[in-house]
Structures are given as C-alpha cells and as structure tokens.
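For the sequence shown, the working numbering gives the first residue as 301, with consecutive numbering after it. Ideal Cβ positions, reconstructed from N, Cα and C, are used throughout, including at glycine.
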Amino acid sequence: MVSRVIPVDPFDLVIFGGTGDLARRKILPGLYRRYLDGQMPGEACIIGVARGDMDTDGYRAFVETSVREFVAKKWCDAKILKAFIERISFVQLDATGDQGWDELKAATKPDRVQAFYFSVGPSLFGPIAERLHTHEIAGPDARIVVEKPFGHDEASARALNETLARHFAEHQIYRIDHYLGKETVQNLMALRFGNMLFEPLWNAQYVDHIQITVAETVGVEGRGSYYDKSGAMRDMVQNHLMQLLCLTAMEPPSKFEPNAVRDEKLKIIRALDQVEPGDMVRGQYRGNDEVASYLEDAETDASMTESFIAMKLHISNWRWNGTPFYLRTGKRLRGRVSEIVVRFKEPPHSIFEEDTGQTANELSIRLQPNEGMDLKVTIKEPGPGGMRLIDVPLDMTFADALGEEAAEAPDAYERLIMDVIRGNQTLFMRGDEVEAAWAWTDPIIAGWEKRADKPKLYDAFSTGPEEALMLLHKDGRRWREIR
Ligand code: NAD
301 MVSRVIPVDP
311 FDLVIFGGTG
321 DLARRKILPG
331 LYRRYLDGQM
341 PGEACIIGVA
351 RGDMDTDGYR
361 AFVETSVREF
371 VAKKWCDAKI
381 LKAFIERISF
391 VQLDATGDQG
401 WDELKAATKP
411 DRVQAFYFSV
421 GPSLFGPIAE
431 RLHTHEIAGP
441 DARIVVEKPF
451 GHDEASARAL
461 NETLARHFAE
471 HQIYRIDHYL
481 GKETVQNLMA
491 LRFGNMLFEP
501 LWNAQYVDHI
511 QITVAETVGV
521 EGRGSYYDKS
531 GAMRDMVQNH
541 LMQLLCLTAM
551 EPPSKFEPNA
561 VRDEKLKIIR
571 ALDQVEPGDM
581 VRGQYRGNDE
591 VASYLEDAET
601 DASMTESFIA
611 MKLHISNWRW
621 NGTPFYLRTG
631 KRLRGRVSEI
641 VVRFKEPPHS
651 IFEEDTGQTA
661 NELSIRLQPN
671 EGMDLKVTIK
681 EPGPGGMRLI
691 DVPLDMTFAD
701 ALGEEAAEAP
711 DAYERLIMDV
721 IRGNQTLFMR
731 GDEVEAAWAW
741 TDPIIAGWEK
751 RADKPKLYDA
761 FSTGPEEALM
771 LLHKDGRRWR
781 EIR
C-alpha cells in the first residue's frame, strides 16, 4: 500500500446510509485502506447512520464483513482491522423524522472536522441538511458530501442547491462525482499543465477531434425501474462525461485551486452548443440467450429511455472552433472501458510516398481498465524494405511505469473523502456548474421527448447501434474500438 501520505486532522465522519450498497462496497473499505496507510488518524471516528434496526456491535460486524469482502486479502491485517473497527459506532434514525438526532449529536464533536456523507437517496438530501442544522449538530466548519444524482433537471438542481444553501455555505458543500477522484483524471491536468509538450498543440489547429467513451458491459438489471426514469443522458452524460469533457477542454486555470479550476470548467459548459438531432444517437440493448433486453430489465414494454447515447458536440470558443468532441456511453457494450482519446491532425504535407502507411498521432487517457496513457506515434518499420511507416504506442500504464505503488493507488472514493477532510473542493462540483450542466441537458431531452424519438436497438455486447458508427463515418472518422 502507498505509504507516502500525510495524515489528515482528526475527524468525525457521519455516513448517512451507512448500511447501503455504496457504503459497503466503496466508502467503508476505502476508509479502512486510508487507516491502514496511516492517513486516517487514530482519533478519527466513523459513525454509521441508517434507519434499519442495528446497534454499534452489529454495525461493526457489518463493516468488518464489507472490508473483508472488498479489500484485497493481503491488506486485511486482523490487528489493524480490529483497531479500525474500534473507531466505528452506529446511530439508528429515520432521516425524515426527529428521533435519534440527539444521539447523533452526542456522537460528534463540532470542535473537530465534521463531515456528513449523504449516501442515501436524493429525496433525503434536503431533510438531512435541515435536521443537521435545526438539531445544532453541524459546527461552523462542518462539511456535507452529497451523492449523485444531484437533481433531475435544472429546476430540481436549483431547488436542491437552494435547500442546501439555507443550512450550509457553498464552501461546506461537496457534490461528489467519483470520476473526478480517479488518478488518471488528475493526471490529465498534470499532463496538460505540467508539461510543455502537449498544451501548445491542444487546440483546433492541431487536434482533429476528441472522443470520450464510457462503456459498460453490465445491463441495468436490478436497478431497471430506477434507471428507466433517468437514462444514459441523465445518469452519465450530464455529470461524468461532462466533467471529463470540461477537464479535457478547459483553459489553464491560474492556479490548481478549487474556484480557479471550477471557473474554467463552467466556461466550457456555457460554451457548449445545443446538439442537433442528427448529431445524436440513442440506443437500447436487445437481449440474447444469456441476458435480458433493456425492456425486460426495465420491466416495461414501452420504455423510450436510452441505455446508450452517442453525440457530437461543439464548443463555441477560440480554442476549439472546428474540433468536434464525440461522446458515447452505454450499457451492455462489448467491453468495460473509460477513456479520452485526443486524435491529432495528420501532418500538413507528407514527404513519404502515399502507401507508406502514415497516420495521425493519438493520445489516449485510460480511466479504466489499467489506468494510464498511451501516445501513438509513427515510426519507420524496422528492417529492410524501404520506408514503411508503422504506429507504435508509447505506453505509460501506471502500474508498469511506477510499479506496485501505482497499482495500489487509492480508489476514487477514498481520495475524495480525504479531500473533504482536508477541506479541498477542487475535485468537487460547484452548484453553478451542476445547474449549467442541466441547463444544457434539459433542452436536448425535451427535444427528443417532443419528437417522440425511439431509441435504436443494438445487440448486447456490441459497440452500440449502427447509427453511432455512422455518426463518425459521415465525418470521415471512426470510433476507437471498444475491446
Ligand atoms: P442503498 O439503497 O443500498 O442504501 C440506502 C441507505 O440509506 C441504507 O443504509 C438505508 O438504511 C438508508 N436509508 C434509507 N432511507 C432512510 C431514512 N429515511 N433514514 C435514514 N436512513 C435511510 O443505496 P446506495 O446504493 O448505497 O446509494 C446511496 C446513494 O449513493 C444514492 O444517492 C445513490 O444514487 C448514490 N450512488 C450509489 C452508487 C452505488 O454504487 N451504490 C454509486 C454512485 C452513487
């Protein structure tokens, strides 16, 4: 495990929804890893909150099981795990009622860093914020961490921002998008702004186009009825892909500091053109002998919700005028991959013969699997046979380049939780950013609803509907393969 860490200040972390799926799979195992790594101080307290019948002993057993299930066996040291578990307690309460809050108040101390993680359904975000305030639990320096989805459209996001703002200042609100906690996403900023090599070329003059893909092999399965109310646009594009787009396209901020970065991201969202219907393809997966179709998963025959979307975007500013951004995301696709691909233009004039095989440079930034980057460069094919050119990757898989330590880098959630404790909002979305992203999204959704556009069907474990391939083919381009 990585050990060059600076411990954070002692803190109380209250996890609303402490028995939920997210807490079990990500938050609690992540906290254990931070403890093991020496980043979480011995005095830190973790307080699980849920409405189900449970006590501290029962919750400690739940936490131990979660850690053993989701942390690699080699890191599950019995002595350390026991010490970690002793930092944990449980308070039972229903967030919509007024019972139990006094117990919670007694369990946290407002004179140390207090973080309240809202790992519950969005209808509870407002009631919890309100009760933390009215029961005088949150001290002046308390932070709240708000999970996705943050609103369903611009109006609901604005209403939620207003509710939270009645009880907490903006610098206390951490709207989480775990994509921003990924090592490679931060590396994108290091790559762009820590090197002289790329930034001079990072514009419409040299970049032909950019592709952002987030492909999943899973279907909507057990979450079908929830997902059917949102679809790929609301579930993935408005938040995760938008954040990746912003970090790829934004101007250099003057400092790596929360508001400087978020100001630049906001400018990108506001510079996005509306998407023409012909520049967008929505899809729904078919079933086969092994897996159910989207409609079966969603438990409806008539759903028009998309499990796949591909779109071509334009950013109306000087840097990107004429360089399209192609976004695509979907479920039940051929592979599980998240990547940003920057395709550079071909050299303006080739000195080689036409059939030498020269192509363009391509930089790909992989968020998963195997976080890393590679740059495709053209070289001469070794050996005799004249001047034949081939593309070779300059591959920088972090695990290969930096060894074990990189492979064991903290998961996005644990990194982001430590940022909350440190009071660093750089990798969290500001309220106006979220509203602007919805303001761009809403008319697109309203457009297809008005036109009653039906999603195109695609085969399970394919690359999506044919029409998504055509979106690039008609521009003389092609998607990078989903493997
Ligand atoms: P879940 O349904 O598994 O768990 C919900 C938790 O909230 C449980 O601990 C439950 O006891 C508690 N709860 C429900 N109603 C309550 C009430 N009235 N008072 C007090 N506690 C109550 O949900 P989840 O999958 O853990 O998701 C939690 C949040 O995180 C949601 O907003 C979800 O959208 C978001 N999220 C989840 C994942 C994931 O992988 N599970 C990923 C990204 C975002």
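Using the C-alpha atoms, what's the distance from Tyr-585 back to Lys-631?
8 Å
Next on the checklist: Can you tell me whether Val-445 sits near ligand 1, meaning its C-beta is under 7 Å from at least one heavy atom of the ligand?
Outcome noted: no
_CB-CB length for Ser-607 against Val-520, believed under 8 Å_ = 6 Å
| query | Does the separation of the CB atoms of Arg-492 and Glu-735 fall below 8 Å? | reply | no
Under three-state DSSP, which class holds Pro-693? strand
| Taking 8 Å as the CB-CB limit, is Ile-385 close to chain D? | Chain labels in this structure do not include chain D; a single protein chain is all it has.
- Query: Could you give the residue range of the beta strand (DSSP E) that holds Arg-324?
  - Reply: Per DSSP, Arg-324 belongs to no beta strand (DSSP E) and is neither H nor E.
*Label Ser-664 either buried or exposed according to how many other C-beta atoms from any shown protein chain fall within 10 Å of its C-beta, with 16 as the threshold for buried.*
buried
Determine the extent of the alpha helix (DSSP H) in which Ser-525 is found, giving its start and end residues. 524-527
- Task: Would you tell me roughly how many angstroms separate the C-alpha atoms of Ala-429 and Pro-648, rounded to the nearest one?
- Result: 57 Å
Practice problem: Pick helix, strand or coil for Arg-582, following the three-state DSSP scheme. | Solution: strand
Exercise. Count the other CB atoms within 10 Å of the CB of Leu-544; is the residue buried (16 or more) or exposed (fewer)?
Worked result: buried
Check your understanding: Could you give the uninterrupted runs of the alpha helix (DSSP H) lying entirely in the region 543-613, keeping only those of 4 residues or more?
Key -> 558-570 and 594-597
Looking at ligand 1, does it come within less than 7 Å of Val-424, judged from the CB to the closest heavy atom?
A quick correction: the sequence has Leu, not Val, at residue 424. Leu-424: yes, Cβ under 7 Å from ligand 1.
- Query: Enumerated in chain order, which unbroken segments of the alpha helix (DSSP H) with a length of 4 residues or greater are wholly contained in the region 435-469?
  - Reply: 454-467
*In whole angstroms, what separates the C-alpha of Glu-436 from that of Arg-562?*
31 Å
request  = List the endpoints of the continuous beta strand (DSSP E) containing His-509.
outcome  = 507-515
Notebook entry, point to check: For the beta strand (DSSP E) that contains Arg-628, what are its first and last residues?
Noted result: 625-630
Check: Who are the Cβ neighbours of Gly-320 in its own chain at under 8 Å, not counting the five residues just before and after it?
Finding: Ala-350, Ser-419 and Val-420
Let's see if you can read the secondary structure: which residues bound the beta strand (DSSP E) around Met-673? 672-680
Using three-state DSSP, classify Ile-388 as helix, strand or coil.
strand
Quick test of the definition: if touching needs 3 or more C-beta pairs under 8 Å, does the region 661-679 touch the region 482-502? yes
Q. Among Arg-619, Val-308, Phe-498 and Ala-465, which one has its Cα closest to the Cα of Val-413?
A. Val-308
Nearest candidate by alpha-carbon position, reference Pro-765, set Arg-325, Met-542 and Met-580 | Met-580
Three-state secondary structure (DSSP) of Met-729: strand
Under a three-way DSSP split, which group does Arg-619 fall into? coil
Here's a check: name, in chain order, each residue in its chain whose Cβ is nearer than 7 Å to the Cβ of Leu-566, leaving out the five neighbours to either side. Asp-732, Glu-733 and Ala-736
Q) So who's on the other strand from Tyr-758, going by DSSP bridges? A) Tyr-585
Inset, instruction - With hydrogens ignored, establish whether the beta-carbon of Pro-466 is closer than 7 Å to any heavy atom of ligand 1. - result: At residue 466 the sequence reads Arg, which differs from the Pro that was named. For ligand 1, not one heavy atom lies less than 7 Å from the Cβ of Arg-466.
How far does the alpha helix (DSSP H) with Asp-402 in it reach, from first residue to last?
401-407
> Around the Cβ of Trp-618, are there at least 16 other Cβ atoms within 10 angstroms (buried) or fewer (exposed)?
Replying inline: exposed
Original post:
How should Thr-408 be labelled, buried or exposed, when 16 other C-beta atoms within 10 angstroms of its C-beta is the threshold for buried?
Top reply: buried
State the Cα-Cα distance for the pair Asn-495 and Met-550, rounded to the nearest angstrom.
16 Å
(message) Restricting to Cα atoms, I'd like to know which of Met-729, Asp-398 and Arg-777 is closest to Pro-558.
(response) Met-729
Would you give the residue range spanned by the beta strand (DSSP E) that Leu-313 belongs to?
311-316
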